[in-house]
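Numbering (my numbering), first residue to last: 1001 to 1179.
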Amino acid sequence: LQMPGGVPVATVALDGAKNTGIQAAQIISTSDKNNGQVDLLQKNNEDEVIEKARKIATALTLFNKRKNAAMKKILVVISSFFIMLCLGSVYAWSLVSTELIFNYGFSSVQSQLVFGLLIAVFPVTMIFAGKYEARIGTRNLAVLSAVFFSAGYLLSGFSNGNFWAILFGVGILTGIGTG
């Protein structure tokens, strides 16, 4: 933007007149040999602004890291809750067992066979999972466990009461996921 000749131009600074002073010095020094001092002042001011911007960026980065760390902690707690909920579902088998007997005609032996296989598979899986965790990491192992656990119950849920599907789904897949 350029103002026509003869129109006064003013620069106003909030909380200080530094910019106004620099502009006045530039106007006065246009025909003066001391113009280099104004350029040096501008360079110093530029360095000061860059340093302030760097400090602000650092502060924002630290804030975001703290915020992300807090969010990660919350997610770990929520994930841990669901993992414990899934592990505890093994001990609610008596509720599932009753439904299998009354709704799908399972015998007590068939119902307890599914539970027995689940109880046998998950501690054996723990042995291998402990060694495998060192290679793939805790988070990946938890995701893999969730896939097995969910697949077992999904297969059983869609089995329409088929004993072999439930035996494989809950007994094997969910057992692996639990272990």
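Quick reminder that beta carbons are idealized off the backbone N, C-alpha and C, glycines included. Keep in mind the model is a prediction, meaning the values are calculated, not measured.
Tell me which residue opens and which closes the alpha helix (DSSP H) that residue i is part of.
i            : result
residue 1136 : 1108–1136
Run through DSSP, which three-state label would residue i get?
i            : result
residue 1102 : helix
residue 1156 : helix
residue 1161 : coil
residue 1175 : helix
residue 1169 : helix
Mind checking residue i: buried by the 16 CB within 10 Å criterion, or exposed?
i            : result
residue 1006 : With a pLDDT of only 48 at residue 1006, under 50, the local geometry of the prediction cannot be trusted, and no value is derived from it.
residue 1074 : exposed
residue 1171 : buried
residue 1118 : buried
residue 1156 : buried
residue 1060 : exposed
residue 1145 : buried
residue 1008 : Confidence is the limiting factor: at residue 1008 the pLDDT is only 48, short of 50, which leaves the residue's position unreliable, though a coordinate-based value still follows. With fewer than 16 other Cβ atoms within 10 Å, it is exposed.
residue 1107 : exposed
residue 1058 : exposed
residue 1098 : exposed
residue 1125 : buried
According to the Cβ coordinates, are residue i and residue j closer than 9 Å?
i            : j            : result
residue 1169 : residue 1159 : yes
residue 1113 : residue 1167 : yes
residue 1129 : residue 1141 : yes
residue 1148 : residue 1177 : yes
residue 1121 : residue 1179 : yes
residue 1110 : residue 1095 : no
residue 1103 : residue 1161 : yes
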